[in-house]
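Student:
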Amino acid sequence: MPSIRTALGPARATAPASRTQTGRDLVVDLVRVGCMFAVVAVHLLMMGISIGEDGIGVVNPLTSLGWFAQGTWFGQVMPLFFVVGGFASLTSWRSLRRRGGDAGEYIRARVLRLVRPTVALYAFLAMALWLATAAGVPGDLLKVIAGGAGVQLWFLAAYLICQTMVPVMARLHEAAPLRTVAALVASAVVVDALRLGLERNPWGFDSNPIGLLNLVFVWGLLQQLGFFYAEGFFDRFARWKLVAGALACYLLMVPLTQGGLYPVDMLTNQNPPMVPLVLVGLAHVMLLKAAYPLLQRVVEREWIQRIMFLVGSRAMTIYLWHLPLIIAMFGLALALRVPFPDPASTAWWLSRPAFYVAAWALVLLVSTPLVRLELASTALAPGASRPAMWRISLATLLAIIPPFVVMRSALDTWNATWGLVLLVFAVGLVGGKRAERSQ
C-alpha cells in the first residue's frame, strides 16, 4: 500500500535534526509536556475562590477577561495534544506490526496503559466522596467539588475511542490518506450541521447527543493529522507557507464564529467537539513546524530534557490527578485561613504564580508513587496467550463508559463508585501477570 510519501511526492530527504537515533522526536515530547503545563495553568486559573456572607463560592475569573474567548484560539491545546498523540500512535502501531503484533495486542496495551492509573483515581474519589457524605458535607458544596474533580475525565473517553481506531485508521491512511481525511472532514461538518440545525427546533429536541459523533470525527481527524506529521508531510513546506497556512485557518474561523454559527470560545466547542477545533489544531501544528528549528535548539538543553522526562514519563498520572489535587490544595489553604483575594483582582493575579508552583510540587509529590501504575508493563507472562478479541473489545467499552458518563453529567458519588467497578473489571478482562517491560 502506498504511504503518504508515495501518494503526495517525496518528503524532505533528511530527517529532522531533533530526532534521536531511535527515531524519537524530542520536539514532540516537548510539545506534549508544554501542553501539560498549559492544562494545569488553565485549570488553576479557572478556579476562583470567593468568601462572603453567603459562604464559599467558586467562580471562573477567566470569563471576566474580554480577550479570553479569542485567546483560546491559541491557548486551547487539546487539539494539538491529539495531533501529537496521533504521531506517537502511528509510530507505536508500526513498531508493533514489525514485531508481529496485531490490533488486539495494540488496543489491549492502550487500555491497560490508560485505565490502570484511572482506577487509582476513581478509588480515591469514590472513597473521598462517600466519606464526605458521611461527614455531613452539604450536598451543593459536594456537588461542586466532585464536578470539579472530574472535569478532566472527558479526555479519557475521547482518547480511548481514538486509540481504538488507530489500527483501522492507520491502514486507511496508508491506502488513501487524502480521501480518509476528506471523509472525516465531511462527516464532522455533517454532524455539526445536524446538531446546529436542530438546536433551535420548536420541539425542545436535545441536539447534543448528535454532536457526540464528533468524538470520532473531530478528535479522530486531529489524530489523523498526527499521522501526516509522523510521515514528514509538514516538512515539505517552507516556513512562510506554514505561517500563511496557520493564518488562513484563523481567518476562516472569523466568519465561523463571528456570525454566531460557532462559539468564539474554543473551550465551549470542546464537549461535544466541533469543527473549529480542527482549524485550531491544524494552525497549531503548522506553527509548530514553522518554529521547529527554534524548538530543536530548546530541546538540546540538558535541563529541558530532564524536565521533559520528569513530566513526560508520568503525563497521564499528572493529568488525571492535577484537578483533585488543586481542589485539595485550595481546601487546605481555606482550612489554614490563607487570605483569598477577590477573584480576577490584581492581588488575585499576583498570587497565582505561587499557587501554580505549589500545585506542581503537590502533583509531582503525589504522582511519584502512583506513576508505577502508568509505567507498569503490559506484557503477558511467558507462555500466556493474549485475551480473546471479545474480551479486549468488552474491556474497551467498559473503560469508556465511566468517563463518558462523567463528561455528560459530571462526577458524583454514585458514578464514581460504579465507574470504579467497571474500570476494575476492564483491567481484569485484559490483564495478566507482567513478565517484562513493554515497549
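For the sequence shown, position 315 matches number 1362 in our numbering, and the numbering has no gaps at all. Heads up, the beta-carbon is just placed ideally off N, CA and C, and yes, glycines get one too.
1. Among residues of its own chain, excluding the 5 on either side of M1094, which ones have a beta-carbon nearer than 8 angstroms to its beta-carbon?
2. Mind checking whether W1266 and V1213 have CB atoms under 7 angstroms apart?
3. Can you give me the C-alpha to C-alpha distance between G1306 and V1130, rounded to a whole angstrom?
4. Taking 7 angstroms as the threshold (C-beta atoms), are T1425 and L1092 in contact?
5. Give the straight-line distance between the Cα atoms of W1396 and G1081, rounded to the nearest whole angstrom.
6. Short of 6 angstroms in beta carbon distance, which residues of its chain neighbour F1115, apart from the five on each side in sequence? Order them along the chain.
7. By the 10 Å Cβ neighbour count, where 16 or more other Cβ atoms means buried, how is L1379 classified, buried or exposed?
8. Three or more C-beta pairs closer than 8 angstroms, one from the stretch 1286-1302 and one from the stretch 1342-1349: is that the case here?
9. Starting from D1312, follow its DSSP beta bridges and name the residues at the other end.
10. Is the CB-CB distance between I1154 and T1211 below 7 angstroms?
11. To test your reading of the DSSP string, which unbroken beta strand (DSSP E) runs of 3 or more residues are found completely within the stretch 1140-1175?
12. Could you compute how far the alpha carbon of P1310 sits from the alpha carbon of A1442?
13. Anyone know if the C-beta pair for G1466 and Y1169 falls short of 7 angstroms?
14. Within its chain, find whatever has a CB closer than 8 angstroms to the CB of W1368; leave out the 5 residues flanking it on each side and keep chain order.
15. Beta-carbon separation of L1370 and V1162 under 7 angstroms?
16. Just the Cα atoms here: how many angstroms apart are V1290 and A1408?
17. Using 8 angstroms as the cut-off, can you tell me whether the stretch 1260-1274 makes contact with the stretch 1223-1237, which would need three or more C-beta pairs spanning the two stretches below that distance?
18. Would you check if there are 3 or more beta carbon pairs closer than 8 angstroms linking the stretch 1184-1199 to the stretch 1446-1464?
19. Given this structure, state the Cα-to-Cα distance separating E1246 from R1353, to the nearest angstrom.
20. I'd like the list of long-range same chain contacts for V1124, defined as Cβ closer than 7 angstroms, with 5 residues on each side in sequence excluded.
21. Nearest-angstrom Cα distance between P1320 and F1202?
22. R1145 to S1136, Cα distance in whole Å?
23. Go ahead and pull the three-state DSSP assignment for R1079.
24. Can you give me the start and stop residues for the alpha helix (DSSP H) that N1462 sits inside?
25. Would you mind working out which of N1318, A1435, E1221 and L1420 sits nearest P1450, comparing C-alpha positions?
26. Got a sec? Which residues, its chain only, sit under 8 angstroms from M1216 by beta carbon, not counting five neighbours each side?
27. Could you give the residue range of the alpha helix (DSSP H) that holds R1218?
28. Since I believe F1281 is in contact with A1235 (beta carbons under 8 angstroms), could you give me their beta-carbon distance rounded to a whole number of angstroms?
29. Is E1347 helix, strand or coil by DSSP?
30. Please name the residue in L1329, A1394, G1148 and Q1343 whose C-alpha comes closest to that of F1121.
31. Less than 7 angstroms between CB atoms is the rule here; does Q1305 satisfy it with respect to chain C?
32. Assuming contact is defined by CB atoms lying nearer than 7 angstroms, are V1488 and D1239 in contact in what I supplied?
33. Are F1387 and I1096 touching if we call contact CB-CB under 7 angstroms?
34. A1406 and A1446: beta carbons closer than 7 angstroms?
35. Taking the alpha-carbon positions, what's the V1327 to V1075 distance?
36. Excluding the 5 residues preceding and the 5 following P1434 in the sequence, name in chain order all residues of the same chain whose CB lies nearer than 6 angstroms to its CB.
Tutor: Put simply:
1. Taking C-beta separations shorter than 8 angstroms and ignoring five residues to either side along the sequence, the partners of M1094 in its chain run V1105, N1107, G1195, I1373, I1374 and F1377, following chain order.
2. Taking 7 angstroms as the Cβ cut-off, W1266 and V1213 do not qualify as a contacting pair.
3. Distance between the alpha carbons of G1306 and V1130: 28 angstroms.
4. No, the pair does not count as a contact, with Cβ atoms beyond the cut-off.
5. Going by C-alpha positions, W1396 is about 21 angstroms away from G1081.
6. Result list for F1115: L1109, in chain order.
7. Taking all protein chains shown into account, L1379 has fewer than 16 neighbouring C-beta atoms within 10 Å of its C-beta and is therefore exposed.
8. Counting Cβ pairs under 8 angstroms, fewer than three are found: no touch.
9. Looking at the DSSP assignment, D1312 forms no beta bridge with any residue, so it has no partner.
10. Result yes, Cβ atoms of I1154 and T1211 sit closer than 7 angstroms.
11. When DSSP assignments are scanned along the stretch 1140-1175, no uninterrupted stretch of beta strand (DSSP E) that is 3 or more residues long falls wholly within it.
12. Their backbone Cα atoms lie some 36 angstroms apart in a straight line.
13. Against a cut-off of 7 angstroms, the Cβ pair of Y1169 and G1466 comes out as a contact.
14. These residues qualify, in order along the chain: L1168, V1410, V1413, S1414 and L1417.
15. No; because the gap between Cβ atoms is not below 7 angstroms, this pair is not in contact.
16. Taking the straight line joining both Cα atoms gives about 36 angstroms.
17. Flag = yes, the stretch 1260-1274 and the stretch 1223-1237 touch.
18. Touching, yes, given that three or more Cβ pairs across the two stretches are closer than 8 angstroms.
19. Distance from the CA of E1246 to the CA of R1353, rounded to the nearest whole angstrom, comes to 49 angstroms.
20. Answer for V1124: C1082, A1085 and V1086, listed in chain order.
21. Their Cα atoms are separated by approximately 11 angstroms.
22. Cα to Cα, R1145 sits roughly 14 angstroms from S1136.
23. It is helical.
24. Note, N1462: alpha helix (DSSP H), T1460 to V1477.
25. Between P1450 and the set N1318, A1435, E1221 and L1420, the nearest pair of CA atoms involves N1318.
26. Setting aside the 5 residues that flank it on each side, M1216 is surrounded in the same chain by T1227, G1267, Q1270, Q1271 and F1274, each with a C-beta closer than 8 angstroms to its C-beta; the list follows chain order.
27. Bounds of the alpha helix (DSSP H) holding R1218 are W1201 to A1222.
28. At roughly 21 angstroms, the Cβ-Cβ gap does not stay under 8 angstroms, so A1235 and F1281 are not in contact.
29. Note: E1347 maps to coil in three-state DSSP.
30. Looking at the Cα atoms, L1329 is the closest of the given residues.
31. Protein chains in the displayed structure number just one, and chain C is not present.
32. Because residue 1488 is not part of the residues shown, which for the chain are 1048 to 1486, the question remains open.
33. Going by C-beta atoms, F1387 is nearer than 7 angstroms to I1096.
34. With respect to A1446, A1406 sits apart: the two C-beta atoms are not nearer than 7 angstroms.
35. Spanning the two alpha carbons is a distance of roughly 17 angstroms.
36. Within the same chain, P1434 has close Cβ partners V1477.
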